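Notes follow once the structure below has been shown.
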Amino acid sequence: MLRPTGRQLVALLGNHEVLTSDLLVRLTGLPERTVQHYLGLLYRAGLTNRVRPPREVGTSPYHCWLTAFGAAAIGAEKPGARSDDLAGVQATAALSELWLSVRDRGKGVGFDLVGWLPSGLSYQDPHTGTIRELPAEAELIVMSGPPGGREMRLLVVARTERVPASRLAAALARFACFLAASSDPSAPVLAVLARTPRVAERVLRAADTLDEAPAARHLEEGVIATARRRVVVGVIEPHPVGLATEPVWATPADRRARRLVDVLVECAGSAK
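The numbers in the sequence shown follow this note's numbering, run straight up by one, and end at 274.
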């Protein structure tokens, strides 16, 4: 039978799919030593799996997820296989890093968390009429500025590690197609999470060439330019807790590292 702390950790993993040990410390408010102790117990009991992804500098925290046995213990849906998908494990944890950073720290720099949803957005290709899925894993909604300020939607892409440049450009081109097909006057921002500055630079270079992707060849230049202005790239390591507050974000037009609130203000001025 699970003890209360173990059940709390299992429930959080059931809700978020993949969490790092650092995230579990922040979500529970428990001492790191306590969280690590219970994570070890859950792993040895076969309720969770965990892995420490390689890191360019230092040691990464454990990335943890439920096994089928662990999901059954709390009546959660059976999870998919993750052990052979290290990039997917990191991407799923990165989504929670952004969500928690905005939830806990966004107010201090000028914006509030309004909503967080699985993305699953589809659009009709403006050239072929085919219904396509936008490759974004989540949708973040924030309110910037003082009370009564502007609400902004961020479509979040986290799976960027070891993705070929052509696929990155294709994903950004689909965002441009989404904008072309949308009738929403307040176009969303595409927030791309990159593990390291090196990966972030690859994403920014892909944005420079998104007009060469097959999906973008029939788009007007103005739509492509708008899409580029509404792409922001954030670097996760070495301080994921600072995604909402630290200067770790850049845009294709301005590679300087800036805070999320600053790049969102810039994006707000780029109308469709």
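Glycine is no exception: its CB is placed at the ideal position from the N, C-alpha and C atoms. It should be emphasised that the depicted structure is a prediction, and the values quoted were computed from it without experimental measurement.
A residue is called buried when at least 16 other Cβ atoms come within 10 angstroms of its Cβ; Gly-31 does not meet this threshold and is exposed. By the beta-carbon neighbour count (other beta carbons within 10 angstroms, threshold 16), Gly-77 is exposed.
CA-CA distance, Glu-79 to Ala-255, rounds to 43 Å. In the three-state reduction of the DSSP assignment, Asp-127 falls in the coil class, being assigned neither a helical nor a strand state. For Asp-210, the secondary structure class from DSSP, reduced to helix, strand or coil, is helix. In the structure shown, His-18 adopts helical secondary structure according to DSSP, grouped into three states. Cβ contact annotation for Ser-62 (same chain, cutoff 6 Å, sequence separation greater than five): Arg-54, Pro-55, in chain order. Short of 6 Å from the beta carbon of Val-237, and not among the five residues preceding or following it, lie these beta carbons of its own chain, in chain order: Ala-196, Pro-199, Ala-202, Val-250. Within the same chain, and ignoring the five residues on either side of Ala-229 in sequence, the residues whose Cβ sits closer than 6 Å to its Cβ are Phe-177, Ala-178, Leu-181. Annotated as proximal: Pro-81 and Leu-68, with beta-carbon spacing under 8 Å. Judged by DSSP secondary structure, Gly-236 falls outside any alpha helix (DSSP H) and instead within the beta strand (DSSP E) spanning 233-237.
In the displayed model, Pro-120 falls within a strand according to three-state DSSP. If you compare the alpha carbons of Ser-184, Ala-73, Tyr-64 with that of Gly-16, the shortest gap goes to Ala-73. Following the DSSP letters along the chain, one finds Ala-140 inside the beta strand (DSSP E) bounded by residues 140-146. Annotation: the continuous beta strand (DSSP E) that includes His-65 extends over 65-68.
DSSP places Glu-268 within a helical segment (H, G or I) once states are collapsed to three.
Going by C-alpha positions, Gln-10 is about 10 Å away from Tyr-40. Separation of the CB atoms of Leu-115 and Ser-124 is rounded to 25 Å, and the pair is thereby denied contact status at 8 Å.
When Cβ pairs closer than 8 Å are counted between the two stretches, the segment 210-222 is seen to touch the segment 165-175, the count reaching three or more. Distance from the Cα of Leu-102 is smallest, within the candidate group Glu-153, Val-225, Val-27, for Val-27.
Its chain contains Ala-252 as the residues whose beta carbon lies nearer than 7 Å to that of Arg-258, once the 5 sequence neighbours on both sides are disregarded; these appear in chain order. CA-to-CA, the gap between Gly-122 and Pro-128 works out to about 19 Å. In this structure, Val-265 sits near Val-234, with a CB-CB distance shorter than 8 Å. Counting C-beta atoms within 10 angstroms of its own C-beta, Leu-119 has fewer than 16 neighbours from the protein chains shown and is therefore classed as exposed. For the set Asp-87, Pro-216, Leu-43, the Cα lying nearest the Cα of Arg-164 is the one of Asp-87. Under DSSP, Ala-193 shares a beta bridge with Val-158, Val-234.
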